[in-house]
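Numbering (our numbering), first residue to last: 10 to 142.
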């Protein structure tokens, strides 16, 4: 797992939670093109909670299907904690997982992106949530 070097001019700190290294790399690649955004990576929901305990994030992108602590459980934990209840969450789902998307949105996710990941969709969704448009 890698972590981006913080950019002192960054305005937004984004956490990407994805257990698949190739998928995580694709998402990070898409986000690197956004000015003012620093990206931190997490391997799963437990790793995400460790990183959230150490620093603040303006946005979380999380896969739903992950081992140990999946994305739905992560969202539920975030929304139950006053420190994270207002942090926007974008879920990453497979194209045919409509039920997972609905459950994530019901738990408090703000948006979703479907796999296969398309970098322009990632950047457009993140820009919208962060108010960069």
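Where is the CB? At the ideal position from N, CA and C, for every residue including glycine.
8 angstroms CB neighbourhood of residue i in its chain, flanking five on each side removed
i: residue 116; result: 81, 84, 85 and 88
Extent of the continuous beta strand (DSSP E) run through residue i
i: residue 69; result: 68-72
According to DSSP, residues forming a beta bridge with residue i
i: residue 46; result: 21
i: residue 103; result: 124
i: residue 51; result: 26
i: residue 98; result: 69
Proximity of residue i and residue j at Cβ, strictly below 7 angstroms
i: residue 36; j: residue 46; result: no
i: residue 55; j: residue 77; result: yes
i: residue 79; j: residue 52; result: no
i: residue 125; j: residue 39; result: no
i: residue 21; j: residue 67; result: yes
i: residue 110; j: residue 121; result: yes
Same chain only: Cβ atoms within 7 angstroms of residue i, ignoring 5 sequence neighbours per side
i: residue 119; result: 97, 98, 99 and 138
i: residue 75; result: 28, 53 and 54
Extent of the continuous alpha helix (DSSP H) run through residue i
i: residue 35; result: 30-41
i: residue 88; result: 80-88
Residues near residue i by beta carbon distance below 6 angstroms, same chain, minus five either side
i: residue 142; result: 136
| Okay, do the stretch 98-107 and the stretch 67-76 touch, 3+ Cβ pairs below 8 angstroms being the bar? | A contact exists between the stretch 98-107 and the stretch 67-76.
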